[in-house]
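Numbering (the numbering used here), first residue to last: -10 to 202. As structure tokens, the structure follows; a few thoughts come after it.
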Ligand SMILES: NC(=O)c1ccc[n+]([C@@H]2O[C@H](COP(=O)([O-])OP(=O)(O)OC[C@H]3O[C@@H](n4cnc5c(N)ncnc54)[C@H](OP(=O)(O)O)[C@@H]3O)[C@@H](O)[C@H]2O)c1
């Protein structure tokens, strides 16, 4: 299966590429913004694809069969970039997938995205952007999975999670490595198709948790 990762050079994106490249049935393509990031993607076992979510992404999705959106403008840029990348970039990629008949789309979202009004002011614009992207994906007709993790850490993978439509996420976290596994496994885990769920580090092996959502 040809699968494109948007945000491939990111902290989570690189782990998704590494995880998927171990699977001989997956042909992994990493969307990067800069030529000099290509070597990293190759070393992880992926094929670099040069594209910017603020530009045209139609060519990047050519021949793909599934897409994982793990990009984000990050906290160091302003609200304009949050709108441009986290919202409009995601929406653009969903529309490009639809145009090319790519049916499978997995979104790395966030807890709090279901109800941005409840968020602290500093998070509200980001969560609204993610909310709008998630809603666009849900309405697109693509076979979606929307994964909403709690705060991400760079700890080693635990391999065990808690996954529910809605979780109590106060003081919870999850390693990016486990989020990468959830996103990678969701591609083919039919029980996650057309579902939105929240995750944090828990007690169920990831495969089992995804089978029981
Ligand atoms: N941090 C948390 O606690 C948390 C919690 C829940 C959900 N999330 C979600 O998880 C996502 C991934 O987190 P992370 O820590 O892995 O992020 P990250 O390391 O900042 O990676 C984000 C990636 O997006 C890429 N990107 C930014 N703008 C782009 C554009 N215009 N076109 C193409 N690619 C672009 C960046 O490219 P460059 O490498 O070129 O900069 C980077 O590789 C976040 O964006 C957020 O939505 C985060």
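For glycine and all other residues, C-beta sits at the position ideal for the given N, C-alpha and C.
With a threshold of 16 other CB atoms inside 10 Å of the CB of residue -7, please say whether the residue is buried or exposed.
Flag for residue -7 reads buried.
Classify residue -2: buried if its beta carbon has 16 or more other beta carbons within 10 angstroms, exposed otherwise.
So residue -2 ends up on the buried side.
Please look up how many angstroms separate the CB atoms of residue 115 and residue 126, rounded, as I've assumed it's under 8 Å.
About 17 Å separates the two Cβ atoms, so there is no contact after all.
Beta-ladder partner(s) of residue 1, from DSSP:
DSSP lists no partner for residue 1.
Residue 12 versus residue 5: straight-line alpha-carbon distance, rounded
For residue 12 and residue 5, the distance between alpha carbons rounds to 11 Å.
Indicate the three-state DSSP secondary structure (helix, strand or coil) for residue 68 in the structure shown.
Three-state result, residue 68: helix.
Under the rule that 16 or more other beta-carbon atoms within 10 Å means buried, what is residue 179, buried or exposed?
Taking a 10 Å sphere around the C-beta of residue 179, we find fewer than 16 other C-beta atoms and assign the residue as exposed.
Ignoring anything shorter than 4 residues or poking outside the stretch 7 to 83, list the alpha helix (DSSP H) runs there in chain order.
Taking only runs of at least 4 residues, the alpha helix (DSSP H) segments lying wholly in the stretch 7 to 83 are 27 to 32.
Output needed for residue 27: all residues of its chain with C-beta closer than 8 Å, excluding positions within five of it in sequence on either side, in chain order.
Excluding sequence neighbours, residue 27 sits near 21, 37, 39.
Hey, out of 147, 33, 92, whose CA is closest to residue 163's CA?
Considering only alpha carbons, the answer is 147.
Backbone secondary structure at residue 171 - three-state DSSP:
Reduced to three states, the DSSP call for residue 171 is helix.
From 81, 131, 75, residue whose alpha carbon lies closest to that of residue 93:
It is 131 whose Cα lies nearest to the Cα of residue 93.
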